[in-house]
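Asker: Using this note's numbering, read the sequence shown as starting at 123 and increasing by one per residue. Note that CB positions come from ideal geometry on N, CA and C, so glycine has one too.
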Amino acid sequence: MSRFQLFTLDNSYLSYCILADLFYVSSGLGRQTVELHITDFASGNMCAILGLLANQLEAIGSELSITSNRYPVVRTLVGNGFLRQHKREHTSREDNRAISYRKLRPADSKYFDLLFAQDLASAHAAAGSPMGDDLLLAIRLSAAELFANTQQHSQATWVHSCGLFFPEKGRFEFTLADDGIGIHSSLGGELSTPENHSDWLLEALRQGATSREKIAGGIGLPLIHQLLRLNLGKLQMVSGRGFLHWDTSGFQLATLPHPLPGTVITLQLNSLDSTRYSRLLQKFLKAQ
Numbered sequence: 123m124s125r126f127q128l129f130t131l132d133n134s135y136l137s138y139c140i141l142a143d144l145f146y147v148s149s150g151l152g153r154q155t156v157e158l159h160i161t162d163f164a165s166g167n168m169c170a171i172l173g174l175l176a177n178q179l180e181a182i183g184s185e186l187s188i189t190s191n192r193y194p195v196v197r198t199l200v201g202n203g204f205l206r207q208h209k210r211e212h213t214s215r216e217d218n219r220a221i222s223y224r225k226l227r228p229a230d231s232k233y234f235d236l237l238f239a240q241d242l243a244s245a246h247a248a249a250g251s252p253m254g255d256d257l258l259l260a261i262r263l264s265a266a267e268l269f270a271n272t273q274q275h276s277q278a279t280w281v282h283s284c285g286l287f288f289p290e291k292g293r294f295e296f297t298l299a300d301d302g303i304g305i306h307s308s309l310g311g312e313l314s315t316p317e318n319h320s321d322w323l324l325e326a327l328r329q330g331a332t333s334r335e336k337i338a339g340g341i342g343l344p345l346i347h348q349l350l351r352l353n354l355g356k357l358q359m360v361s362g363r364g365f366l367h368w369d370t371s372g373f374q375l376a377t378l379p380h381p382l383p384g385t386v387i388t389l390q391l392n393s394l395d396s397t398r399y400s401r402l403l404q405k406f407l408k409a410q
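This is the structure:
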């Protein structure tokens, strides 16, 4: 058994570095149980990448075991249904503020859109968030665009997603992780190197960037970025060894010690925002 410890599982660069170490070391040790012990805090949206890593380790005959001695951590993993799907346990979904953990095929986009809309509506009501209808619709369209990207760009087999309202912090977070070839390979191709993976993440946000030939596209991520700018939100993107973080202070690019499979994208939004986004919504709908 290999054992890794993480004090806080969140969207930080440090968390991704430890998860990259876990995947790199575990992938080279053959069949075994890999234990990730979370000692302090787990953000529910990060169950998307836990599901991704569990799937990847399962493919080589290993098992990811997630443990914690803190009830709030266990409650988070139970609350969004992650343990029910990951360990096939009959645990109930306890946290109505959560966007349930889902593991779907890229072809299941319409099913994802329906489930996400239902979860978002119920979680929004349970959290008592003053978030306006325009922003709720923009979040739905953003999540749908991220999922559609896995169909069109990633060559993925599975897509993992989940999210959570933090009403006490006025925040909503949603993460989508796929096991595809990664943004760095999709856009960069032979030009992609471990040292420039973050540059390709930045390129993906450029208006008109697309990995598809003779197909209009590449406008989804720039529109999502525009939404986050207006909302004063945050964005994290991880692919290969690339790490990108954006907030109102600007971009931060970094290189992970080892590559992570696929692509992971996290949207963090200000849930206290009641702004009308009618013009931006028109752009979203036109791009569908």
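(1) Ignoring anything shorter than 3 residues or poking outside the stretch 180–211, list the beta strand (DSSP E) runs there in chain order.
(2) Using a Cβ-Cβ cut-off of 7 Å (strictly less than) and excluding sequence neighbours within five positions of Leu292, which residues of its own chain qualify?
(3) Measuring CA to CA, which of Tyr223, Thr385, Tyr399 and Glu325 is closest to Cys284?
(4) Helix, strand or coil for Asn271 per DSSP?
(5) Three Cβ pairs or more, each shorter than 8 Å: is that satisfied between the stretch 183–197 and the stretch 133–142?
(6) For the 8 Å Cβ check, are there 3 or more pairs between the stretch 163–177 and the stretch 293–305?
(7) Out of Trp368, Leu313, Gly183 and Lys225, state which residue places its alpha-carbon closest to the alpha-carbon of Arg351.
(8) To the nearest angstrom, report how far apart Gly310 and Gly362 are at their CA atoms.
(9) Return the CA-CA distance between Leu179 and Leu151, expressed in angstroms with no decimal places.
(10) List the whole-angstrom C-beta distance separating Glu267 from Gly355, where the pair is believed to meet the contact cut-off of C-beta under 8 Å.
(11) Skipping 5 residues on each side, what residues in its chain have a beta carbon closer than 7 Å to that of Pro252?
(12) What does the Cβ neighbour count give for Lys408, buried or exposed, with the cut at 16 atoms within 10 Å?
(13) Straight-line CA distance for Ala270 to Pro228?
(14) For Ile182, count the other beta carbons within 10 Å of its own beta carbon; 16 or more makes it buried, fewer makes it exposed. Which is it?
(15) Please list, in chain order, all residues of the same chain as Leu259 whose beta carbon is under 7 Å from its beta carbon, the five residues on each side excluded.
(16) Alpha carbon to alpha carbon, what distance is there between Ile346 and Ser264?
(17) Give the DSSP-derived three-state secondary structure of Lys225 in the structure shown.
(18) With a floor of 4 residues, list each alpha helix (DSSP H) that falls wholly inside the stretch 259–332, ordered by position along the chain.
(19) Sort Ile160, Met123 and Leu236 by Cα distance to Ser148 and report the nearest one.
(20) Under the rule that 16 or more other beta-carbon atoms within 10 Å means buried, what is Tyr399, buried or exposed?
(21) Under the DSSP definition of a beta bridge, which residues are partnered with Ile387?
(22) Here's a check: name, in chain order, each residue in its chain whose Cβ is nearer than 7 Å to the Cβ of Pro379, leaving out the five neighbours to either side.
(23) In three-state DSSP terms, what is Ser137?
(24) Assuming Gly304 and Thr385 form a contact by the criterion Cβ under 8 Å, report the distance between their Cβ atoms to the nearest whole angstrom.
Answerer: With the structure as the only source:
(1) Listed in chain order, the complete beta strand (DSSP E) runs (minimum 3 residues) inside the stretch 180–211 are 185–189.
(2) Looking at the sequence itself, residue 292 is Gly, so the reference to Leu does not match. Correct list, in chain order: Asn392, Ser393 and Leu394.
(3) From the listed residues Tyr223, Thr385, Tyr399 and Glu325, the smallest Cα separation to Cys284 is found for Tyr223.
(4) Note: Asn271 maps to helix in three-state DSSP.
(5) Output reads no: the stretch 133–142 does not touch the stretch 183–197.
(6) The stretch 163–177, when compared against the stretch 293–305, does touch it at the 8 Å Cβ threshold.
(7) Minimum Cα distance to Arg351 is reached at Trp368.
(8) Roughly 12 Å separates the two Cα atoms.
(9) Going by the C-alpha atoms only, they are around 11 Å apart.
(10) Wrong, their Cβ atoms sit about 15 Å apart, outside the cutoff.
(11) Leu394 and Ser396, listed in sequence order.
(12) Exposed, since its Cβ has fewer than 16 Cβ neighbours within 10 Å.
(13) Straight through space, the alpha carbons of Pro228 and Ala270 are spaced by roughly 8 Å.
(14) Classification for Ile182: exposed.
(15) Within the same chain, and ignoring the five residues on either side of Leu259 in sequence, the residues whose Cβ sits closer than 7 Å to its Cβ are Leu403.
(16) Near 6 Å, if we compare the C-alpha coordinates of Ile346 and Ser264.
(17) Here Lys225 sits in strand by DSSP.
(18) Within the stretch 259–332, complete alpha helix (DSSP H) segments of at least 4 residues are found at 305–310 and 319–326, given in chain order.
(19) The candidate whose alpha carbon is nearest that of Ser148 is Met123.
(20) Residue environment for Tyr399: buried (at least 16 other C-beta atoms within 10 angstroms of its C-beta).
(21) Note: Ile387 sits in a beta bridge opposite Leu298 and Met359.
(22) Contacts found: Cys139, Ala142 and Asp143.
(23) Note: Ser137 maps to helix in three-state DSSP.
(24) Right, their Cβ atoms sit about 5 Å apart.
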